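Reading through the structure tokens given below for one structure.
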Amino acid sequence: MPETPLLHVENLRTSFGRENPLVAVDGISYGLREGETLGIVGESGAGKSVSVRSLVGLIDDGDVEGSVRWRGEELVGASSRKLRSVRGSGIGMVFQNAEAAFDPSRTVGAQIVEAVRASRDLSKRAARSEAISLLEEVGIGDPEGRFGDYPHEYSGGMAQRAIIAMALAGEPDLLIADEPTTGLDVSVQAGIVDLFRDLVAERDMSLLLISHDLGVVSQLSERILVMYAGRIIERGSRKQLLGSPRHPYTQAFLRSVPDVDVRKDLEPIRGAPPSLDDPPTGCRFHPRCPAAEAGICDGEAPPTVDFGDGHEATCYAYTDAHPGGDDYDRAAVESVEWEANGTAAADEPAEVDR
Amino acid sequence: MSERAADPLLSVRNLKRHYPVRSGILKRKTGAVRAVDGVSFDLQRGETLAIVGESGCGKSTLAETVIGLDEPTAGGIEFEGQSIAGGVDKAFRRRVQMVFQDPFSTLNERMTVGRIVAEPLVIHDQRADDRAAYVRDLLETVGLDPENHYDAFPHELSGGQRQRVGIARALALDPDLLVLDEPVSALDVSVRAGILELLRDLQAERGLTYLLISHDVSVVRQVADRVAVMYLGEFVELGDLGTVLDDPAHPYTEALLSSVPRVRAEPEPDERIRLPGSPPDPSNPPEGCRFHPRCHLRDRLDAAAAARCVAEDPALTEREAGGEVRTGADDGRTVACHFRPEQR
Numbered sequence: 001m002p003e004t005p006l007l008h009v010e011n012l013r014t015s016f017g018r019e020n021p022l023v024a025v026d027g028i029s030y031g032l033r034e035g036e037t038l039g040i041v042g043e044s045g046a047g048k049s050v051s052v053r054s055l056v057g058l059i060d061d062g063d064v065e066g067s068v069r070w071r072g073e074e075l076v077g078a079s080s081r082k083l084r085s086v087r088g089s090g091i092g093m094v095f096q097n098a099e100a101a102f103d104p105s106r107t108v109g110a111q112i113v114e115a116v117r118a119s120r121d122l123s124k125r126a127a128r129s130e131a132i133s134l135l136e137e138v139g140i141g142d143p144e145g146r147f148g149d150y151p152h153e154y155s156g157g158m159a160q161r162a163i164i165a166m167a168l169a170g171e172p173d174l175l176i177a178d179e180p181t182t183g184l185d186v187s188v189q190a191g192i193v194d195l196f197r198d199l200v201a202e203r204d205m206s207l208l209l210i211s212h213d214l215g216v217v218s219q220l221s222e223r224i225l226v227m228y229a230g231r232i233i234e235r236g237s238r239k240q241l242l243g244s245p246r247h248p249y250t251q252a253f254l255r256s257v258p259d260v261d262v263r264k265d266l267e268p269i270r271g272a273p274p275s276l277d278d279p280p281t282g283c284r285f286h287p288r289c290p291a292a293e294a295g296i297c298d299g300e301a302p303p304t305v306d307f308g309d310g311h312e313a314t315c316y317a318y319t320d321a322h323p324g325g326d327d328y329d330r331a332a333v334e335s336v337e338w339e340a341n342g343t344a345a346a347d348e349p350a351e352v353d354r
Numbered sequence: 001m002s003e004r005a006a007d008p009l010l011s012v013r014n015l016k017r018h019y020p021v022r023s024g025i026l027k028r029k030t031g032a033v034r035a036v037d038g039v040s041f042d043l044q045r046g047e048t049l050a051i052v053g054e055s056g057c058g059k060s061t062l063a064e065t066v067i068g069l070d071e072p073t074a075g076g077i078e079f080e081g082q083s084i085a086g087g088v089d090k091a092f093r094r095r096v097q098m099v100f101q102d103p104f105s106t107l108n109e110r111m112t113v114g115r116i117v118a119e120p121l122v123i124h125d126q127r128a129d130d131r132a133a134y135v136r137d138l139l140e141t142v143g144l145d146p147e148n149h150y151d152a153f154p155h156e157l158s159g160g161q162r163q164r165v166g167i168a169r170a171l172a173l174d175p176d177l178l179v180l181d182e183p184v185s186a187l188d189v190s191v192r193a194g195i196l197e198l199l200r201d202l203q204a205e206r207g208l209t210y211l212l213i214s215h216d217v218s219v220v221r222q223v224a225d226r227v228a229v230m231y232l233g234e235f236v237e238l239g240d241l242g243t244v245l246d247d248p249a250h251p252y253t254e255a256l257l258s259s260v261p262r263v264r265a266e267p268e269p270d271e272r273i274r275l276p277g278s279p280p281d282p283s284n285p286p287e288g289c290r291f292h293p294r295c296h297l298r299d300r301l302d303a304a305a306a307a308r309c310v311a312e313d314p315a316l317t318e319r320e321a322g323g324e325v326r327t328g329a330d331d332g333r334t335v336a337c338h339f340r341p342e343q344r
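Just so you know, the protein sequences line up as chains A and B, in that order. In terms of the numbering used here, the first sequence opens at residue 1 and continues consecutively. In terms of the numbering used here, the second sequence opens at residue 1 and continues consecutively.
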């Protein structure tokens with residue numbers, strides 16, 4: 001990336017416990033540009049949520065190492081005052097559980113006013129009208145009337161919109177949304193996806209979207225990271241990842257997703273995601289991987305292979321160390337049914353050091 | 001579909017389940033939540049009927065009422081021609097089993113897998129002689145390893161393995177009908193496919209009949225033969241899977257399908273139908289067609305036609321029973337809408 005990214009994460013590692021620590025996030029790196037939407041997708045235990053909480057100092061009982069630079073400023077090890085101020089104005093957060101975000105005993109309006117005044121020097125009256133305009137911006141009908149309602153008086157979808165309004169109170173440049181549509185009905189979920197798209201466009205804001213739902217991620221994100229057991233195993237544009245996935249996990253994950261438009265042979269990934277207190281050696285996917293080679297994939301951590309244009313996969317199958325590399329890859333890619341005919345097979349993949 | 005007319009395993013007619021709403025200090029009955037409000041369907045042996053709808057549409061209440069966990073307010077349920085509306089007997093409890101959404105909360109954490117699966121056999125006093133061997137066979141049937149899993153506790157298993165235990169337990173009494181209530185909703189995607197595949201295989205091997213309750217149309221697409229779309233306590237469309245999902249006739253079905261986020265490498269033209277508002281309160285459903293306040297098709301109707309949607313509740317008519325055909329197509333489907341697609 002040529003210009004300085006808004007957010008630059010380098011070798012982020014988050015662990016819990018002193019002896020025999022559980023490493024939930026194991027050395028991930030990425031950058032986020034201004035106005036960009038980046039999606040992080042993965043299943044339970046992938047470390048998605050812990051990784052974004054680690055960015056802004058929301059890990060209480062664990063150790064965060066590595067570097068997180070926000071507009072060039074280091075956040076790992078920053079004072080809690082500094083982190084609070086970044087969370088108040090630079091970075092807004094939307095979490096999955098809408099109920100937990102609001103105090104049930106106070107009105108939605110009062111809580112948004114408080115969030116507005118915490119980051120901006122406004123009179124009570126001005127903050128109130130700002131809160132009402134935020135409620136309106138996120139699509140709550142009759143915002144003045146709903147201002148005085150308690151959280152329980154909001155439906156699930158409205159509560160999620162109100163949470164987004166609160167996250168916008170400090171006029172953030174980056175919104176981090178962790179499973180923002182999980183648990184919502186599809187028709188409500190679709191409205192939230194629209195809202196995020198509009199907000200990013202109108203506010204020229206960046207969005208870091210975390211979800212287990214590839215459908216939601218692919219609707220919003222031009223770039224996608226795939227996490228598995230605490231590591232990023234593949235990254236690329238939506239077109240690269242969904243059209244010509246390289247990592248055997250990404251390929252298998254795509255084949256396991258049921259498609260609403262066609263009935264197909266379902267291909268589960270054998271086994272289950274690993275437990276992080278005792279992760280597999282080498283590539284963490286190797287016990288479930290159809291391409292795994294004993295003595296290679298279970299040894300050292302795999303290298304990251306560059307397929308060009310920002311598409312990378314961390315896998316031995318594309319190196320000389322692995323006997324079946326390219327053959328395996330072609331067959332698997334072709335059986336992904338929704339392959340876009342866009343990205344042609346990459347030229348000679350080059351190993352990169354990371 | 002004429003062969004469907006013969007001997008359904010389960011037959012539900014005009015089923016209603018209303019819950020009283022009480023208010024004031026005297027807790028007087030002031031209204032009713034019409035969770036299930038006049039639902040009829042037949043379930044043939046060996047088929048999978050999916051009930052799909054969003055939260056609050058009444059699909060779970062329908063499932064619970066059908067298996068006797070809840071008493072119907074009105075209407076009839078027959079299992080093999082015998083009415084069960086007055087309460088279910090032990091034979092029914094043996095032949096109809098349920099698989100629940102959350103394998104984490106429905107398994108007794110202090111029991112081993114072997115005991116959990118054997119429990120229905122103990123309750124019904126079955127297989128006293130070879131219970132352990134039978135349970136081991138069942139574990140193998142659902143893709144678990146008897147050696148490793150028979151003596152395991154639920155917390156030692158993954159989510160997918162726990163759901164397999166739930167399925168083994170449901171199979172223990174060799175039932176005819178399984179009611180599957182959101183059986184994969186709590187599971188990771190990569191694990192989901194394995195459970196759906198298992199359910200398909202079990203049905204083929206054992207001739208099981210499934211009533212699948214789901215909010216997820218993608219899951220329904222993978223396993224169902226027929227689908228009923230439920231909205232505010234009523235079926236709005238019922239028909240063969242391909243008929244309903246490939247060419248939805250009811251505007252709600254159309255909107256629901258269009259809302260599902262597709263996984264696509266290239267963005268597709270946005271043809272989503274955006275429904276205004278949220279589903280209305282089932283204790284005070286709209287007059288006329290319950291969907292009319294959110295319906296995107298009413299804009300295309302002239303005033304007189306649109307007035308009908310407000311005035312008259314469209315019935316879901318059963319074609320096979322000789323009722324009025326409203327779809328205008330000879331596809332066996334029924335739709336609760338006043339207007340045929342070509343009239344819109």
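For glycine and all other residues, C-beta sits at the position ideal for the given N, C-alpha and C. None of the values given here were measured: they were computed from a predicted structure.
Return yes when the Cβ of residue j is within less than 8 angstroms of the Cβ of residue i, no when it is not.
i, j, result
"Thr112 (chain B)", "Asp151 (chain B)", "yes"
"Leu225 (chain A)", "Arg238 (chain A)", "no"
"Leu184 (chain A)", "Gln219 (chain A)", "no"
"Val94 (chain A)", "Pro151 (chain A)", "no"
"Ala409 (chain B)", "Arg298 (chain B)", "Residue 409 (chain B) lies beyond the residue range present for chain B, which begins at 1 and ends at 344; the question has no answer from this structure."
"Val56 (chain A)", "Val25 (chain A)", "no"
"Ala126 (chain A)", "Ile140 (chain A)", "no"
"Val117 (chain B)", "Ala172 (chain B)", "yes"
"Gly90 (chain A)", "Ala167 (chain A)", "no"
"Leu6 (chain A)", "Glu34 (chain A)", "yes"
Quick check: what's the CA-CA separation for residue i versus residue j?
i, j, result
"Ala340 (chain A)", "Leu199 (chain B)", "For Ala340 (chain A), the pLDDT reaches just 33, beneath the cut-off of 50, and the residue's location in the model is therefore unreliable, although a value from the coordinates is still provided. For Ala340 (chain A) and Leu199 (chain B), the distance between alpha carbons rounds to 31 angstroms."
"Glu234 (chain B)", "Val227 (chain B)", "13 angstroms"
"Ile123 (chain B)", "Gly288 (chain B)", "48 angstroms"
"Glu318 (chain B)", "Leu241 (chain B)", "In this prediction, Glu318 (chain B) scores a pLDDT of 47, lower than 50, which makes its location untrustworthy; no coordinate-derived value is stated."
"Met98 (chain B)", "Phe41 (chain B)", "19 angstroms"
"Leu177 (chain B)", "Val9 (chain A)", "53 angstroms"
"Tyr231 (chain B)", "Glu140 (chain B)", "39 angstroms"
"Glu65 (chain A)", "Ala78 (chain A)", "12 angstroms"
"Arg330 (chain A)", "Gly295 (chain A)", "The predicted model places Arg330 (chain A) with a pLDDT of 45, which falls under 50 and marks its position as unreliable, so this point remains unresolved."
"Gly47 (chain A)", "Val39 (chain B)", "44 angstroms"
"Leu43 (chain B)", "Ile67 (chain B)", "13 angstroms"
"Asp89 (chain B)", "Glu80 (chain B)", "13 angstroms"
"Asp188 (chain B)", "Ala168 (chain B)", "20 angstroms"
"Val138 (chain A)", "Ile164 (chain A)", "7 angstroms"
Consult DSSP for residue i and reduce its assignment to one of helix, strand or coil.
i, result
"Leu6 (chain A)", "coil"
"Glu74 (chain A)", "strand"
"Met1 (chain B)", "At Met1 (chain B), the pLDDT of 43 sits below 50, so the modelled position is not reliable; the number obtained from the coordinates is stated separately. The answer is coil: DSSP assigns Met1 (chain B) none of H, G, I, E or B."
"Thr141 (chain B)", "helix"
"Met98 (chain B)", "strand"
"Phe147 (chain A)", "helix"
"Glu312 (chain B)", "coil"
"His322 (chain A)", "coil"
"Ser190 (chain B)", "helix"
"Met158 (chain A)", "helix"
"Ile273 (chain B)", "coil"
"Gln82 (chain B)", "strand"
Mind pulling the chain A residues with CB within less than 8 angstroms of residue i?
i, result
"Gln222 (chain B)", "Pro258, Arg263, Lys264 and Leu266"
"Arg272 (chain B)", "Ala190"
For residue i, go through chain A and note every residue whose CB falls closer than 7 angstroms to its CB, in chain order.
i, result
"Leu275 (chain B)", "Ser187"
So which residues of chain B does residue i contact, with C-beta pairs closer than 7 angstroms?
i, result
"Ser218 (chain A)", "Val263 and Arg264"
"Ser44 (chain A)", "Asp188"
"Phe196 (chain A)", "Residues of chain B passing the Cβ test: none, with the nearest at roughly 12 angstroms."
Could you work out which residues of chain B lie near residue i, taking near to mean beta carbons separated by less than 9 angstroms?
i, result
"His212 (chain A)", "Asp188 and Val189"
Run through chain A and tell me which residues come within less than 9 angstroms of residue i, C-beta to C-beta.
i, result
"Ala377 (chain B)", "Absent from the structure is residue 377 (chain B), since the part of chain B shown begins at 1 and ends at 344."
"His155 (chain B)", "Within 9 angstroms Cβ-Cβ: nothing; His155 (chain B) doesn't reach chain A, min ~12 angstroms."
"Leu196 (chain B)", "Pro258, Leu266 and Pro268"
Which whole-angstrom value is the C-beta distance of residue i and residue j, which I expect to be below 8 angstroms?
i, j, result
"Arg229 (chain A)", "Gly160 (chain B)", "Residue identity check: residue 229 (chain A) is Ala in the sequence provided, not Arg. Actually they do not touch by this definition, with Cβ atoms about 16 angstroms apart."
"Val184 (chain B)", "Ile195 (chain B)", "5 angstroms"
"Val21 (chain B)", "Val12 (chain B)", "Not quite, the Cβ-Cβ distance comes to about 25 angstroms (not below 8 angstroms), so this is no contact."
"Gly145 (chain A)", "Val188 (chain A)", "That pair is no contact at about 20 angstroms."
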